[in-house]
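Have a look at the structure below, then the notes.
Protein chains: 2
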Amino acid sequence: MSKFAMFGKLTAVPGKREELGGMMLASSDTLSGMEGCIYYIIHEAEEEPDVLWVTELWESKEAHAASLQNEQVRELIGRCRPLIAEAGGIKVKPLGGKGF
Amino acid sequence: MSKFAMFGKLTAVPGKREELGGMMLASSDTLSGMEGCIYYIIHEAEEEPDVLWVTELWESKEAHAASLQNEQVRELIGRCRPLIAEAGGIKVKPLGGKGF
Chain A
-13 MSKFAMFGKL TAVPGKREEL GGMMLASSDT LSGMEGCIYY IIHEAEEEPD
37 VLWVTELWES KEAHAASLQN EQVRELIGRC RPLIAEAGGI KVKPLGGKGF
Chain B
-13 MSKFAMFGKL TAVPGKREEL GGMMLASSDT LSGMEGCIYY IIHEAEEEPD
37 VLWVTELWES KEAHAASLQN EQVRELIGRC RPLIAEAGGI KVKPLGGKGF
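Encoded structure:
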């Protein structure tokens, strides 16, 4: 089974990045118990004041898809949504490396 | 001490992405023994045929800087350089998350 990675770019509503980042950090506790999630790291972009980047690595595409069905994850996404102006990202295929 | 993250974007010389990725995967063995490196993952961009993205997380900026003085790392960078057309990336500050 191939591992699955995502680079998500979330542009917060102006001035709301810190609040959004805080909510997403709280979500990482939820994800800590989630099967198949190897890492999920939230970063602030240094050169774009409203942007967060979230890098995720999962055991499989299916494990990621299953997480989106989880009730706590859905509830979190619903709470974050009003703070997000735009969601995008970069499509990547992970090859390997340290911590893979 | 703050952790340090990098999103490096490497554009290979046309047609050389696979070769460059292979060299960098070999380097991850070198980095596996390297103090302070939490992860170092190599990805192919799905929508740009010559692009690799490398995400790195280090215990500190100093640990990352020290790795660049390592003889094996310098030798690897030297071998990769002819395959790289352009090096850039996104400056980020890691906040936390699972696997942090």
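Residue numbers (my numbering), protein chains in the order written: chain A, -13 to 86; chain B, -13 to 86. Idealized CB from N, CA, C, for every residue including glycine. As the structure is a prediction and not an experimental result, all values here were calculated from the model.
Spatial neighbours of residue i in its chain, beta-carbon cut-off 6 Å, leaving aside the 5 residues before and after
i	result
B:Met10	Ile28
B:Val40	Gly(-6), Ile28
B:Gly8	none
B:Val59	Ser53
A:Ala73	Leu(-4)
B:Glu34	none
A:Thr16	Gln58
A:Leu62	Ser13
A:Ala71	Thr(-3), Val(-1)
Exposure of residue i, with buried meaning 16 or more beta-carbon neighbours within 10 Å
i	result
A:Glu30	buried
B:Leu54	exposed
B:Ile24	buried
B:Pro80	buried
A:Gly19	exposed
B:Ser(-12)	exposed
B:Glu42	buried
Contacts around residue i, its chain only, beta-carbon distance under 8 Å, and the 5 residues preceding and following it disregarded
i	result
B:Val37	Lys(-5), Leu(-4), Thr(-3), Ala(-2), Arg3, Glu30, Ala31
B:Asn56	Thr16, Met20
Residues that DSSP places opposite residue i in a beta bridge
i	result
B:Gly82	A:Ile28
A:Met(-8)	A:Glu42
A:Thr(-3)	A:Val37, A:Glu72
Beta-carbon proximity list for residue i, same chain, < 7 Å, skipping 5 on both sides
i	result
B:Val78	Ala(-9), Phe(-7)
B:Glu5	Leu69
A:Lys47	Phe(-10)
B:Pro0	Asp36
B:Trp44	Lys(-11), Phe(-10), Gly22, Cys23, Ile24, His50
B:Cys66	Leu6, Met9, Met10
Contact belief for residue i with residue j at Cβ below 8 Å, rounded distance in angstroms
i	j	result
A:Glu21	A:Ala49	6 Å
B:Ser13	A:Gly82	In fact, because the Cβ distance is near 11 Å, the residues do not count as touching under 8 Å.
A:Gly85	B:Tyr26	7 Å
With a floor of 3 residues, list each beta strand (DSSP E) that falls wholly inside the segment 33 to 70 of chain B, ordered by position along the chain. 37 to 44
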